[in-house]
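Okay, so here's the structure we're looking at.
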Amino acid sequence: MQATKRATIVGETTSGGAHPTGQFDVGQGFLAFIPHSRSISPITKTDWEGTGVIPDVQVPADQALQKAIELIVDAKSK
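Okay, here's the thing in structure tokens:
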């Protein structure tokens, strides 16, 4: 949504988990979690694994909803 300019991201940078994992039994009660796919943006040709999504407007998570509402009200008044 951010890369296609369809949304303004408000809040904190995400943790960067873009490679879903699958659980595989490796025997003797052990499991391995192994990535089985990648999420690649068709716009940027990259993913957000390890870097996260950096918001357009950075605010603490507990203030993100209020800030988003402020941005919407400001945009509507223009």
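Throughout the sequence shown, residue numbering follows this note's numbering, covering 1283 to 1360 in sequence. Each residue gets a CB set at the ideal place from its N, CA and C atoms; glycine is no exception. From a predicted model like this one, the values you see are computed outputs, not experimental measurements.
Distance between residue j and residue i (C-alpha atoms, nearest Å)
i	j	result
serine 1323	glutamine 1310	39 Å
proline 1337	serine 1319	24 Å
isoleucine 1351	isoleucine 1316	39 Å
alanine 1346	valine 1308	42 Å
phenylalanine 1306	aspartate 1356	50 Å
alanine 1289	phenylalanine 1312	42 Å
isoleucine 1325	aspartate 1344	30 Å
The ligand NAD heavy atom lying under 7 Å from the CB of residue i
i	result
isoleucine 1354	Among the ligands in the structure shown, none appear at all, so the ligand NAD cannot be discussed.
Top-ranked residue by Cα proximity to residue i, from the options
i	options	result
glycine 1293	Thr1303, Asp1307, Gln1348, Phe1306	Gln1348
glutamine 1340	Phe1312, Ile1291, Trp1330, Gly1299	Ile1291
aspartate 1329	Ala1300, Gly1304, Thr1286	Ala1300
glycine 1334	Ser1321, Thr1303, Ile1325	Ser1321
Reduced DSSP category for residue i - H, G, I as helix; E, B as strand; rest coil
i	result
glutamine 1284	coil
Complete runs of the beta strand (DSSP E) confined to the stretch 1311–1346 [at least 3 residues]: 1312–1317
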